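Just below is one structure, and these are the notes that go with it.
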Ligand code: GLY
Ligand code: MN
Ligand code: MN
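Numbering (this note's numbering), first residue to last: 23 to 399.
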């Protein structure tokens with residue numbers, strides 16, 4: 023059951039309506055499934071949501087009509103929603119809906135509509151004699167989703183809380199002589215036992231030299247004494263993701279591996295300590311990066327410090343060093359993101375430590391409850 027009741031949806035709609043003026047549009051066409059879910063509670067692989075100031079119109083085909091009907095009769099119903107049946111083509115139905123409600127300038131999600139689709143809409147509208155202008159909106163709903171509401175925070179807290187016992191299962195499974203894939207299976211069955219609907223991403227179990235491959239998955243290598251093992255996993259609960267990484271040692275490890283672990287651990291703690299309202303995302307990244315650079319591990323830290331977490335496992339805000347394509351934004355209460363610095367030395371070993379945090383009025387709450395001190399198994 024999605025966690026967001028009618029009142030939460032109404033508040034999201036009000037925030038979206040405020041964006042209409044900035045875009046100068048009469049309505050916005052939402053096509054990205056995650057954003058449709060965020061605004062309507064409809065979960066499906068298909069659907070188009072037309073958000074107008076006075077009503078919302080959800081276009082769905084036969085496969086979803088009964089489900090939407092049931093949703094609308096529940097406490098999760100979407101306020102002001104009119105359900106529009108799609109007999110065949112979603113795009114034809116969309117134009118019919120826009121014609122019927124009589125809008126002239128319509129926003130669309132430029133991040134999610136292909137150039138070909140946009141061209142088709144434009145030409146087909148002209149072919150019907152409609153005076154319709156399609157205006158590209160960038161990250162309109164994603165920008166709303168950066169600040170989580172109380173329903174989302176409750177869901178994210180619970181999703182992160184349940185990963186604690188899963189981590190303990192991971193620590194029990196990771197032993198010398200066990201194959202990476204079998205450790206991943208143990209983690210995924212612990213996630214199912216904890217009530218998650220599915221893993222949030224492909225579970226990573228990278229042992230020995232594989233730990234130096236940041237987005238390795240899990241293969242057929244056997245864990246061996248002296249290895250560092252990166253365990254990165256998360257689950258989806260009521261639609262909301264958790265994402266945690268721990269790096270463990272299998273028996274005694276070299277002093278260089280231990281040095282790398284301590285550097286990443288210090289970097290992770292420093293980045294978490296930097297989180298509070300008003301601080302730029304780039305400053306949180308710098309808190310971690312400065313420590314790794316001071317320890318000679320700057321080149322070994324080739325990814326950002328973290329990413330937003332919510333209905334998607336990777337969403338805004340991006341916690342990175344300054345980039346021309348990712349705006350640095352000041353943190354605000356209600357943001358939820360990961361803090362996951364790492365250091366990777368090809369052919370030798372890698373370390374990543376990842377927690378999920380919620381920005382509060384004064385700092386942050388660490389949502390994931392798993393020890394960060396090096397665990398030797
Ligand atoms: N597991 C992917 C990530 O941590 O972002
Ligand atoms: Mn992760
Ligand atoms: Mn992550």
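Cβ coordinates follow ideal geometry from the N, Cα and C atoms, glycine included. Given the structure is predicted, the values throughout are model-derived calculations rather than measurements.
Which of helix, strand or coil does DSSP assign to residue i?
i, result
"residue 380", "strand"
"residue 28", "helix"
"residue 350", "coil"
"residue 79", "strand"
"residue 333", "coil"
"residue 56", "helix"
"residue 345", "strand"
"residue 328", "strand"
"residue 286", "helix"
"residue 304", "helix"
"residue 387", "strand"
"residue 163", "helix"
"residue 392", "coil"
"residue 193", "helix"
"residue 188", "helix"
"residue 323", "coil"
"residue 112", "helix"
"residue 338", "strand"
"residue 205", "helix"
What is the rounded straight-line gap between the Cα of residue i and the Cα of residue j?
i, j, result
"residue 39", "residue 32", "10 Å"
"residue 186", "residue 263", "14 Å"
"residue 75", "residue 244", "58 Å"
"residue 107", "residue 69", "10 Å"
"residue 84", "residue 66", "12 Å"
"residue 109", "residue 233", "50 Å"
"residue 328", "residue 312", "15 Å"
"residue 308", "residue 301", "11 Å"
"residue 134", "residue 281", "43 Å"
"residue 293", "residue 359", "12 Å"
"residue 24", "residue 98", "Any reading at residue 24 needs caution, since the residue's pLDDT is 47, under 50, leaving its predicted position unreliable; the model's value is listed next. Approximately 7 Å between the Cα atoms of the pair."
"residue 225", "residue 211", "11 Å"
"residue 131", "residue 275", "50 Å"
"residue 86", "residue 95", "14 Å"
"residue 378", "residue 125", "42 Å"
"residue 342", "residue 88", "43 Å"
"residue 171", "residue 339", "15 Å"
"residue 50", "residue 77", "11 Å"
"residue 398", "residue 279", "13 Å"
"residue 361", "residue 154", "44 Å"
"residue 346", "residue 239", "30 Å"
"residue 37", "residue 163", "9 Å"
"residue 143", "residue 323", "44 Å"
"residue 93", "residue 34", "18 Å"
"residue 291", "residue 331", "19 Å"
Is the distance from the Cβ of residue i to the Cβ of residue j below 7 Å?
i, j, result
"residue 198", "residue 272", "yes"
"residue 252", "residue 374", "yes"
"residue 266", "residue 392", "yes"
"residue 221", "residue 261", "no"
"residue 218", "residue 178", "no"
"residue 62", "residue 80", "yes"
"residue 56", "residue 333", "yes"
"residue 304", "residue 350", "yes"
"residue 201", "residue 242", "yes"
"residue 363", "residue 286", "yes"
"residue 191", "residue 208", "yes"
"residue 47", "residue 137", "no"
Per DSSP, residue i is paired with what?
i, result
"residue 127", "155"
"residue 267", "254, 376"
"residue 228", "252"
"residue 364", "374"
"residue 148", "Answer by DSSP bridge pairing: none, since residue 148 is not bridged."
"residue 93", "Note: residue 93 sits in no beta bridge, so no partner."
"residue 221", "257"
"residue 49", "128"
"residue 70", "81"
"residue 297", "None, per the DSSP bridge assignment."
"residue 104", "79"
"residue 359", "330, 379"
"residue 240", "227"
"residue 262", "259"
>> Can you tell me which residues fall inside 6 Å of ligand 3, judged by beta-carbon distance to its nearest heavy atom, and keep chain order?
In response: 265, 329, 360, 362, 376
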